[in-house]
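Chemist:
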Amino acid sequence: MYFGYALVGFIVGAVLAGGGSDFLLGAGGGIAVGLLLARLHRLERRTAQLESAAGDAARVSPLPVPPPAPEPAAAEQTWERPGPQASEPFEISRVARTATPELPTPALPTWLDVLLGKAKSWLTTGNIPVKVGVVVSFVGVSFLLKYAFERRLLVLPLEVRLLAVAAAGVALLVIGWRLRHKVRVYALTLQGGGAGILFLTIFAALRLWQLLPAALAFALLVALTAGTGALAVLQNARSLAILGVVGGFLAPVLTSTGQGSHVALFSYYLVLNGAIVGIAWFRAWRELNLVGFVFTFVIGSFWGYRYYTPELWASTQPFLLLHFLLYQAIAILYALRQPPERIGLVDGTLVFATPVVAFALQAALMRGSDYGLAISAAAAAVFYAVVATALFRRRAPGLRLLVESYLALAVAFATLAIPLALDARWTSAAWALEGAALVWVGTRQGRQLAKLAGTALIGLSGLAFLDGAWRSGAGLPVLNGDVLGGLLISLSAFFAARRLGGVPEQRFVTAHRVAALGLFLWALLWWLGTGWAETEARAPFVAQYTVYLLFVGASGALAAWLGGALAWPLLSRSVLLLLPLLAVLAQQD
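For the numbering used here, count along the sequence shown from 1 and bump the result up by 1.
1) Using C-beta distances below 7 Å, list every residue in its chain close to Phe-296, excluding the 5 sequence neighbours before and after it, in chain order.
2) Per DSSP, what kind of secondary structure is Ile-344 in: helix, strand or coil?
3) What is the DSSP secondary structure of Trp-569, counted as helix, strand or coil?
4) Helix, strand or coil for Ala-165 per DSSP?
5) For Ala-517, which residues from the same chain have a beta carbon less than 7 Å from its beta carbon, with the 5 sequence-adjacent residues on both sides left out?
6) Whole angstroms is fine: what's the gap from Leu-109's alpha carbon to Trp-441's?
7) Name the residue from Leu-221, Val-247, Phe-204, Gly-279 whose alpha carbon lies nearest to the alpha carbon of Thr-190.
8) Is the beta carbon of Asn-290 closer than 8 Å to that of Ile-277?
9) Starting from the Cα of Ser-377, find the closest Cα among Leu-526, Pro-356, Leu-217 and give me that residue.
10) Identify the continuous alpha helix (DSSP H) that holds Gln-329 and give its terminal residues.
11) Would you identify the three-state DSSP class for Val-175, choosing helix, strand or coil?
12) How many angstroms separate the CA atom of Arg-574 from the CA atom of Trp-527?
13) Are the segment 457 to 466 and the segment 400 to 415 touching, with three or more C-beta to C-beta distances below 8 Å?
14) Could you round the C-beta distance between Gly-436 and Thr-456 to whole angstroms and report it? I think they count as a contact, below 8 Å.
15) Buried or exposed: Lys-183, going by 16 or more other Cβ atoms within 10 Å of its Cβ?
16) In whole angstroms, give me the CA-to-CA distance for Phe-303 and Leu-313.
17) Between the Cα of Glu-535 and those of Leu-572, Val-479, Tyr-546, Leu-583, spot the shortest distance and give me the residue it belongs to.
18) In three-state terms, what does DSSP make of Trp-304?
19) Between Ala-386 and Phe-325, what straight-line distance do the alpha-carbon atoms span, to the nearest angstrom?
20) For the segment 223 to 234 against the segment 204 to 212, do three or more pairs of beta-carbon atoms, one drawn from each stretch, fall closer than 8 Å, so that the two count as touching?
21) Measuring CA to CA, which of Tyr-335, Leu-417, Leu-567 is closest to Leu-434?
22) Between the Cα of Ala-380 and the Cα atoms of Arg-396, Leu-492, Gln-363, which residue gives the shortest distance?
23) Please report the residue range of the alpha helix (DSSP H) in which His-182 lies.
24) Provide the residue span of the alpha helix (DSSP H) that contains Phe-384, from first to last.
25) Rank Gln-318, Trp-282, Phe-200 by C-alpha distance to the C-alpha of Tyr-269 and give the top, closest one.
26) Examine the ligand HEM and report whether any of its heavy atoms sits within less than 7 Å of the Cβ of Ala-584.
27) Can the beta-carbon of Gly-194 be found closer than 8 Å to that of Leu-271?
28) Output needed for Pro-570: all residues of its chain with C-beta closer than 8 Å, excluding positions within five of it in sequence on either side, in chain order.
29) Measure from the alpha carbon of Thr-202 to the alpha carbon of each residue in Ala-188, Leu-159, Ala-227, Leu-180, then state which is nearest.
30) Report the option in Arg-287, Ala-242, Phe-320 whose CA atom is closest to the CA atom of His-263.
31) In the DSSP assignment, the alpha helix (DSSP H) including Gly-275 goes from what residue to what residue?
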């Protein structure tokens, strides 16, 4: 152990000191710091062993006998009754059970409590200095490379400096692998930091200094990504996979000069996401999937906002399509790789957020095209219908919810294709459908965050539609983007209100009822508002109130019939809300 720390300290100290007279000072200081860290780690392990031994001794030693309770009298008699030595534990346990009052059942933790608990556990348990040190070291090495390049502080040849940093990363990997059976958390943290440093070094050698041919650098990145994924799968180490992937995604961000090729960037991310697909084939690690999803589409969106021009469409569109397909494959593998006790679980974020984000980026690529977005929506509808059919024929256990989700997406995109072909509006309707789908998955799986996000999306979709999408009088009567968009928002809100109000919940009962009522009123407002806006835009002025009166009356009859057919009392009682409106309309000339 001391040798490994000294070796890493020697390499890092030599790199920081550079050449010349400071080389020996830096190398010697690095060895000294490495030996001190090794000693600190040894003391920590010894302390942990002593604490564990003390805990075991406390558990083995007999517990002190509590004093007898004054009430009830039967408990006192049982305590004082003499008997053989072997029967004392039994009698004491009877007294304890009789005298101990019943405690209230603790409330179930919320998703926020669970999330905060996991974060606190990670920050306050295990080898905290190592966890913090590896993260700080990785970020520090990345900025050190860039700073040294810009200021020309190091006198060693650039190739030597990069090789030294790469050697330090390899040393971390080797040390972590050798310690995997002794101190697992520490070993996995070292391996993740080493993999991240190697990612950063290879990418810097390619992009910043052009020391590696593109083909060789790409091959090295592929090999390193595959190796990191293999290490994570072999050791069943989710944290190692996440650390390696985060390091890989951060490499181009930390070394970016703003002048690189987007083809190289997206090809590199394609390799990383391919590694995530490979890991998803063996492990259902949702956190890893989400990390890749967020990095890919957030950085891709930022690049598109800053640098995309229509001339880059041919070199950008294939990457968007390939990343979309990769994350659909990851969502399917996540459902297939669930353990027996969790069969039927799907990742609602990937299933529903991927098409929404990808469709938003597709809209940016199709800007200026008359029917490009409508064709894209129709293609997405066909894709989801085909995949749903293939999964249904597979008849694997636990795929029913995923099949239903893909069928819902197929219907949603097929519906979107109609207004898109008439008017180029999609964001608001897509948000509403996405929100309804999230509420549906949340009520099916008991996920509070999905229900909250879905409710918020439906509300925001209506506000976005009013802000920038309403075009009064555009298109054909009824069959236009105004009416179809408003109906999609209204129907999505009706569906979500039905799901939230009809599924029994053990927690947050009042919150679910309030959300269901709010969504129902939002849906009713959009239904009536869409009808009035279309009537005002299309009907002659003298007949507007008459036409709208017929519309409201027909809506009330439909609500009464559907409320009874669906056993939905809230929808049936909504007719009472329409009566005052009918009375006002009847008084108009």
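Note that beta-carbon positions come from the ideal geometry of N, C-alpha and C, so glycine has one too. Fair warning: this is a prediction, and the values are worked out from it, not measured in the lab.
Modeler: On the basis of the coordinates in this document:
1) The residues are Phe-250.
2) Coil, per DSSP.
3) Three-state DSSP puts Trp-569 in coil, outside helix and strand.
4) Looking at Ala-165 - three-state DSSP - the assignment turns out to be helix.
5) In its chain, beyond the 5 residues on either side, Ala-498, Leu-501, Gly-502 have a beta carbon closer than 7 Å to the beta carbon of Ala-517.
6) Low per-residue confidence applies at Leu-109: pLDDT is 49, beneath 50, and the placement is therefore not dependable, though the value from the model is reported in the following sentence. So the two alpha carbons sit approximately 22 Å from each other.
7) The candidate whose alpha carbon is nearest that of Thr-190 is Val-247.
8) For the 8 Å CB-CB criterion, Ile-277 and Asn-290 form a contact.
9) Nearest of Leu-526, Pro-356, Leu-217 to Ser-377, Cα basis: Pro-356.
10) Start and end: 314 to 337.
11) Under the three-state reduction of DSSP, Val-175 is assigned to helix.
12) Taking the CA atoms as reference points, Arg-574 sits about 18 Å from Trp-527.
13) Put simply, the segment 457 to 466 does not touch the segment 400 to 415. Fewer than three CB pairs are less than 8 Å apart.
14) Their Cβ separation, rounded to whole angstroms, is 7 Å, which keeps Gly-436 and Thr-456 in contact under 8 Å.
15) By the 10 Å Cβ count, Lys-183 comes out exposed.
16) The straight-line gap from Cα to Cα measures roughly 15 Å.
17) Comparing Cα-Cα distances from Glu-535 to each of Leu-572, Val-479, Tyr-546, Leu-583, the minimum goes to Val-479.
18) In the three-state reduction of the DSSP assignment, Trp-304 falls in the helix class.
19) Whole-angstrom Cα-Cα distance: 16 Å.
20) No: the two stretches stay apart, fewer than three of their Cβ pairs being nearer than 8 Å.
21) Relative to Leu-434, the option among Tyr-335, Leu-417, Leu-567 whose CA is nearest is Leu-417.
22) It is Gln-363.
23) His-182: not part of any alpha helix (DSSP H); DSSP gives it neither H nor E.
24) Here the alpha helix (DSSP H) through Phe-384 covers 373 to 395.
25) In this structure, Phe-200 is the residue among Gln-318, Trp-282, Phe-200 with its C-alpha nearest to the C-alpha of Tyr-269.
26) Absent from the structure shown: the ligand HEM. Ligands present: none.
27) No, the pair does not count as a contact, with Cβ atoms beyond the cut-off.
28) Taken in chain order, the residues that qualify are Gly-564.
29) Measuring from the Cα of Thr-202, the nearest candidate turns out to be Leu-159.
30) Phe-320 is the residue among Arg-287, Ala-242, Phe-320 whose C-alpha sits nearest the C-alpha of His-263.
31) First-last of the alpha helix (DSSP H) with Gly-275: 263 to 281.
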